[in-house]
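Step one of this worksheet: look at the structure below.
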Amino acid sequence: DAGVIQSPRHEVTEMGQEVTLRCKPISGHNSLFWYRQTMMRGLELLIYFNNNVPIDDSGMPEDRFSAKMPNASFSTLKIQPSEPRDSAVYFCASSWEGGRGTEAFFGQGTRLTVV
Amino acid sequence: SQQGEEDPQALSIQEGENATMNCSYKTSINNLQWYRQNSGRGLVHLILIRSNEREKHSGRLRVTLDTSKKSSSLLITASRAADTASYFCATSDFGNEKLTFGTGTRLTIIP
Chain H
1 DAGVIQSPRH EVTEMGQEVT LRCKPISGHN SLFWYRQTMM RGLELLIYFN NNVPIDDSGM
61 PEDRFSAKMP NASFSTLKIQ PSEPRDSAVY FCASSWEGGR GTEAFFGQGT RLTVV
Chain E
1001 SQQGEEDPQA LSIQEGENAT MNCSYKTSIN NLQWYRQNSG RGLVHLILIR SNEREKHSGR
1061 LRVTLDTSKK SSSLLITASR AADTASYFCA TSDFGNEKLT FGTGTRLTII P
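Printed below as a string of structure tokens:
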């Protein structure tokens, strides 16, 4: 298995532009998480899906952020319009919910820089 | 918001020594996990301990959980230079898979 695949690995964009981050979870996993990591705020959970349905989006900073999971093998995190304070590393992770808690597998992350 | 707080924030030890990191959390949990992150990489799962367990071992790792104190510790024995990384605890609640991470401990092993 190739693991969780994120694209792009690096993204540099100008303030005001739309940014779309992509994630392919591990096949068979039914939970998907988007995290943001910065030096100041650490690792923050933005949103998580279970069986393609958003379960908790309380961590999404504001309306500029949106996430979708149209099917079990793909998810996107979109920022529109982007701002310099959105600069961070964004991680996607997936797991299989067996009811007793299992490990999450992380992608390599997308390093976003908004200038 | 973050559930866990790791202590210390940074730790430097000589190779071969043992490293101990602590994690405190605030609410009741289903399980607690420890992850490792090398610089510039994604997090890698190390070990999971359930709320009804008190201690767990995996290779050179030993994890303890004290639910009465809402705390956990990660012990790495006979440390190696390759153990240099950041270590995070993560908790999940009953009934869902939402994983909330702590602030992390940056561990440096001096060769």
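Chains as they are written, first to last, in this note's numbering: chain H, 1 to 115; chain E, 1001 to 1111. Note that the Cβ used here is the ideal one computed from N, Cα and C, for glycine as well. Here the structure is a predicted model, which means the values were calculated and not measured.
Spanning the alpha carbons of H:M40 and E:E1053 requires a straight line of approximately 33 Å. For H:F74, no CB of chain E lies under 7 Å from its own CB, so it is not counted at the interface with that chain. Comparing alpha-carbon positions, the option among E:E1017, E:L1046 and E:H1057 lying closest to E:S1086 turns out to be E:L1046.
The Cβ neighbour count for E:D1066, taken over all protein chains shown within 10 Å, is under 16; the residue is labelled exposed. Judged by DSSP secondary structure, H:M39 falls outside any beta strand (DSSP E); it is assigned neither H nor E.
Straight-line measurement puts the Cα of H:S31 at about 14 Å from the Cα of H:D57.
The C-beta of H:G28 comes no closer than 7 Å to any C-beta of chain E. In this structure, E:E1015 and E:S1079 form a Cβ contact; the two beta carbons are roughly 6 Å apart against a cut-off of 8 Å. For H:R85, the secondary structure class from DSSP, reduced to helix, strand or coil, is helix. DSSP places E:D1007 within a strand segment (E or B) once states are collapsed to three. Only residues of its own chain outside the window of five on either side were considered, and among them M15, V114 and V115 have a CB closer than 8 Å to the CB of H:P84, listed in chain order.
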